[in-house]
Amino acid sequence: MPALDNTPATATGHPLDAAIALAPIAEGKYRGHVAPSYANFIGPFGGILAAKLLQAVCLDDRRLGDPLALTVNFGGPVADGPFDIHCQPTRTNRSSQHWVMELRQGEDIPLTASAVFAERRDSWADTELQMPEVGGYADCTPLDTGGLPTWVKNYDMRIVSGGMSFLGPEPGPQDNSESILWVRDKPPRPLDFPGLAALSDVFFPRVFVRRPDFVPVGTVSLTTYFHADGEELARHGHDFLLARARGNRFHGGFFDHSGELWSEHGHLLATTHQVVYFKH
Numbered sequence: 001m002p003a004l005d006n007t008p009a010t011a012t013g014h015p016l017d018a019a020i021a022l023a024p025i026a027e028g029k030y031r032g033h034v035a036p037s038y039a040n041f042i043g044p045f046g047g048i049l050a051a052k053l054l055q056a057v058c059l060d061d062r063r064l065g066d067p068l069a070l071t072v073n074f075g076g077p078v079a080d081g082p083f084d085i086h087c088q089p090t091r092t093n094r095s096s097q098h099w100v101m102e103l104r105q106g107e108d109i110p111l112t113a114s115a116v117f118a119e120r121r122d123s124w125a126d127t128e129l130q131m132p133e134v135g136g137y138a139d140c141t142p143l144d145t146g147g148l149p150t151w152v153k154n155y156d157m158r159i160v161s162g163g164m165s166f167l168g169p170e171p172g173p174q175d176n177s178e179s180i181l182w183v184r185d186k187p188p189r190p191l192d193f194p195g196l197a198a199l200s201d202v203f204f205p206r207v208f209v210r211r212p213d214f215v216p217v218g219t220v221s222l223t224t225y226f227h228a229d230g231e232e233l234a235r236h237g238h239d240f241l242l243a244r245a246r247g248n249r250f251h252g253g254f255f256d257h258s259g260e261l262w263s264e265h266g267h268l269l270a271t272t273h274q275v276v277y278f279k280h
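Residues 1 to 280 in the UniProt record's numbering are what the sequence shown spells out, letter by letter.
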């Protein structure tokens, strides 16, 4: 399995590379800056924050293998400006390694995270989930990003079904919250683990699909499981991903959703789950 590229990104390349660029300041400590290009309505896009945290571990010389799982807990807003990421391995086994991470701004710790990295072994394999049977991305119109948060402009999204209900031709409540879309970075960028971590959060809040109202929302916790290794991501290149998400339960001011990210060739690259606060 090829090693991850440990060269720190610079601000001269792709917008995502600029957004996740980190400078080492000590072992397990990195400094970065909030990227205005990935701004949400309030604070940064959650996916880019997840990518920053994962990137810190990817840059660490103590890292073992490729990402297997990433969980990010959003405790509070991340302010514009600089931040530090602290990451430490808590346990290293023969083929897996566990990490804890914090994003700090002064004395404030708005984000905490954990990650599992692993060296994959040859084994029996199967995929029980079925890739949605839909038309190709060329058959879909790129999403009009006018009036949407800045971060959306960094993605070429082509919605197959399940757009936000209040943006549809006939706004109104929907029977379910499933969305299917083709998506990739804009401009196109070869897929890697930080990029895939960011893409795992591209799904608009499910309550916006079910209900015709714009209400305050915020991700509380986001988990992504990576089912591909570095070689498979390298083969994927900068092709489109097929993404599907669906809500599970809306109750008591919170809801959760489950999502999938597929390659054009039918390979399941990642699954993702998050719980979200909403006010209605």
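For every residue, glycine included, the Cβ atom is placed at its ideal position computed from N, Cα and C.
Short of 7 Å from the beta carbon of D60, and not among the five residues preceding or following it, lie these beta carbons of its own chain, in chain order: G28 and C87. Taken through DSSP and simplified to helix, strand or coil, E231 comes out as helix.
Residue pairing for M164: DSSP places it in no beta bridge. The segment 37-80 contains, as complete alpha helix (DSSP H) runs of 4+ residues, the segments 46-59 (chain order). The residue among F83, R120 and G76 with its C-alpha nearest the C-alpha of V34 is F83. Nearest neighbour of K186 by Cα position, chosen from A23, G75, Y38 and D229, turns out to be Y38.
Annotated three-state conformation of F254 is strand, per DSSP.
The C-alpha of A270 is placed about 6 Å away from the C-alpha of E260. In terms of Cα proximity to G252, the closest of G172, F278, Q274 and A125 is F278. For V202, the three-state secondary structure derived from DSSP is coil. DSSP places D17 in the uninterrupted alpha helix (DSSP H) bounded by P15 to A19. With a beta-carbon spacing of about 5 Å, S263 and H236 fall inside the 8 Å limit used to define contacts.
Distance from the Cα of L148 is smallest, within the candidate group V100, V116, D139 and F45, for F45.
Under the 8 Å Cβ criterion, the segment 111-123 counts as touching the segment 43-57, having at least three qualifying pairs. Distances from the alpha-carbon of V202 to those of G13, D156 and V57 put D156 closest. Ranking N40, V217, D256 and A197 by CA distance to the CA of L233 puts A197 first. The C-beta of S95 has fewer than 16 other C-beta atoms within 10 Å across all chains shown, which makes the residue exposed. Between the alpha carbons of S258 and E128 lies a gap of roughly 15 Å.
Taken in chain order, the complete beta strand (DSSP E) segments of 3 residues or longer contained in the segment 85-167 are 96-105, 108-118 and 155-161. Scanning its chain for C-beta atoms nearer than 6 Å, with the 5 sequence neighbours on each side dropped, one finds around G76 the residues P110, in chain order. Nearest in C-alpha terms to A125, of all of G162, A228, G106 and D144, is A228.
In this chain, the beta strand (DSSP E) harbouring S179 covers S179 to D185.
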